[in-house]
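Numbering (the numbering used here), first residue to last: 7 to 420. In this text, a Cβ means the ideal position worked out from N, Cα and C, and glycines have one as well.
Here's what the structure looks like:
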């Protein structure tokens, strides 16, 4: 790629990244040359492929359109399609997660995600060989999906609101949960495969094969997501609460819910913001987008207003440095917290995330607080100390995917 093309890439990224998401978010447009996009993807993966306990965080955002690229997804990387439906952002090539160790071992393939994309994989099969703290959401796989790499060890994983036109093969996956999904067929079983609100679950039941099935999802709210309309305007879609659901939400196009203009969000950056600037914006009534990076906090982020949305991109990481909580909420309706890694700091925190204060009494069944893809870590990247990772005091709170991990390898292990 010549200097002119490199300049054009930066121009497109600058134009696409309105509002300003900072240096760790790339926004791609389908009018960009494929090789220019590929160079940026490859640069991110070169950093993140083996970066299990590193500091870098990334989000790769694809505006609606057609792309011919190969997207390997490394540590702390989130790949997002920005359409109202996954079919608005179509990738011909692949989006894939590969085993992080020799012998096709994916048991530490953690902390990565893809959502809002339609994938037509080269060769017809998308590989997603992963373990914990990994999610697929709002995906349309136009072919088959395999959840392992050549039957090597893997211990995932999460998929929700996703459609697979062909077969899903769990293979050597030890465990997996699929919620509100649909596919042509499923093959494989190991320790435990969980199916909740899946339109076509495989035949059989616990203990042989080890399938746990819940026919309908009793109550759920899908994760909020970034989207861009035909005029190029960014917003956040907040799906509505649903009960007794089966299958995907986007069969008819747009997922039912509320659209919140991006102007009603404060977009925080770890190289710019402090907990004081973030809390000041929340106090003024803003919602919050936390862009990728590590936020070293001297006090808790406080979500106190009903229906506040806190949305992390690219595994935005909250690390309390002074022995406090990283985040707390009031006991109010409809707060949503999504896409965050809570990483214990060097001074012992009583709790990392506290939902509602102790003694909370209100009921929220009609409009619960919801947590999506919230992950917790004590140790691994360094010394971490916390008495409690997640404490839920508010009634009726929904937890839609979490992994709470006391590190067994890395630095500061238990």
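- Going along the chain, which unbroken runs of the alpha helix (DSSP H) with 4 or more residues stay wholly within the stretch 276 to 351? Counting only runs of 4 or more, we get 281 to 289.
- Task: Please report how far the alpha carbon of residue 377 lies from the alpha carbon of residue 405, in whole angstroms.
- Result: Cα to Cα, the separation comes out at about 5 angstroms.
- Query: Can at least three beta-carbon pairs, one atom from the stretch 336 to 344 and one from the stretch 51 to 60, be found at a separation below 8 angstroms?
  - Reply: No contact exists between the stretch 336 to 344 and the stretch 51 to 60.
- Message: Considering just the uninterrupted stretch of the beta strand (DSSP E) at residue 72, what are its terminal residues?
- Response: It spans 71 to 73 - the beta strand (DSSP E) in which residue 72 sits, taken as one unbroken run.
- Could you have a look at residue 375 and say whether DSSP puts it in helix, strand or coil? Three-state DSSP puts residue 375 in coil, outside helix and strand.
- Looking at C-alpha atoms only, which residue of 115, 323 and 375 is the closest neighbour of residue 313? Closest in C-alpha terms to residue 313, from the list 115, 323 and 375, comes 375.
- What does DSSP give as the partner residues of residue 126 in its beta bridges? Note: residue 126 sits in a beta bridge opposite 98.
- Item | Coil, strand or helix - residue 110 by DSSP | The DSSP-derived three-state label of residue 110 is helix.
- Query: In the structure shown, what three-state DSSP assignment does residue 148 receive?
  - Reply: Per DSSP, reduced to three states, the secondary structure at residue 148 is coil, with no helix or strand assignment.
- Return yes when the Cβ of residue 163 is within less than 8 angstroms of the Cβ of residue 205, no when it is not. No, these two residues do not count as a Cβ contact at 8 angstroms.
- For the putative contact between residue 149 and residue 172, defined by C-beta atoms under 8 angstroms, what is the C-beta separation to the nearest angstrom? Cβ atoms of residue 149 and residue 172 come within 8 angstroms of each other, at about 5 angstroms.
- Task: Report the rounded CA-to-CA distance for residue 393 versus residue 122, giving the unit in angstroms.
- Result: Their Cα atoms are separated by approximately 36 angstroms.
- Write down every uninterrupted run of the beta strand (DSSP E) in the stretch 213 to 278 whose length is 3 residues or greater and which is fully enclosed by it, in chain order. For the stretch 213 to 278, the continuous beta strand (DSSP E) assignments of 3+ residues that do not extend past its boundaries occur at 217 to 220, 223 to 227, 231 to 234, 240 to 245, 247 to 251, 263 to 267 and 271 to 274, in sequence order.
- Do residue 176 and residue 182 have their CB atoms nearer than 8 angstroms? Yes, they are a contact pair.
- Query: Which partner residues of residue 383 appear in the DSSP bridge assignment?
  - Reply: Answer is 349 and 411.
- Message: Rounded to the nearest angstrom, what separates residue 132 and residue 315 at their Cα positions?
- Response: So the alpha carbons of these two residues sit roughly 32 angstroms apart.
- Message: Check whether the stretch 232 to 239 and the stretch 207 to 223 touch, using three or more Cβ-Cβ pairs below 8 angstroms as the test.
- Response: Not touching, per the Cβ criterion.
- Task: Using the Cα positions of residue 29 and residue 212, report the straight-line distance between them to the nearest angstrom.
- Result: Taking the straight line joining both Cα atoms gives about 48 angstroms.
- Message: The alpha helix (DSSP H) that contains residue 79, what's its start and end?
- Response: Unbroken run through residue 79: none, as it is neither H nor E.
- Cβ-based burial, residue 372 [other Cβ within 10 Å; buried from 16]: The residue in question, residue 372, is exposed, as its Cβ has fewer than 16 Cβ neighbours within 10 Å.
- Alpha carbon to alpha carbon, how far is residue 256 from residue 36? Give it in angstroms, no decimals. About 22 angstroms.
- Note the first and the last residue of the continuous alpha helix (DSSP H) segment covering residue 40. Run containing residue 40: 40 to 54, per the alpha helix (DSSP H) assignment.
- Task: Can you grab the Cα-Cα spacing for the pair residue 265 / residue 246, in whole Å?
- Result: Computed Cα separation, rounded: 10 angstroms.
- Nearest to residue 94 (by Cα), restricted to the options 102, 73, 325 and 79: Ranking 102, 73, 325 and 79 by Cα distance to residue 94 puts 73 first.
- Message: DSSP three-state label for residue 35, please.
- Response: Correct three-state label for residue 35: coil.
- Query: Sorted by chain position, which residues of the same chain lie with C-beta nearer than 6 angstroms to residue 114's C-beta, five sequence neighbours on each side aside?
  - Reply: Same-chain partners within the cutoff: 106.
- Query: Any idea what DSSP makes of residue 104, helix, strand or coil?
  - Reply: In this structure, residue 104 counts as coil in the three-state DSSP scheme.
- Query: Who does residue 173 pair with in a DSSP beta bridge?
  - Reply: 191, per the DSSP bridge assignment.
- For residue 360: DSSP bridge partner residues: For residue 360, the beta-bridge partners assigned by DSSP are 334 and 397.
- Out of 297, 202, 244 and 292, which has the shortest C-alpha to C-alpha gap to residue 228? Nearest neighbour of residue 228 by Cα position, chosen from 297, 202, 244 and 292, turns out to be 244.
- Query: At what residues does the beta strand (DSSP E) containing residue 201 begin and finish?
  - Reply: Residues 198 to 202.
- Query: Nearest-angstrom Cα distance between residue 111 and residue 65?
  - Reply: In this model, residue 111 and residue 65 are separated by some 25 angstroms (Cα to Cα).
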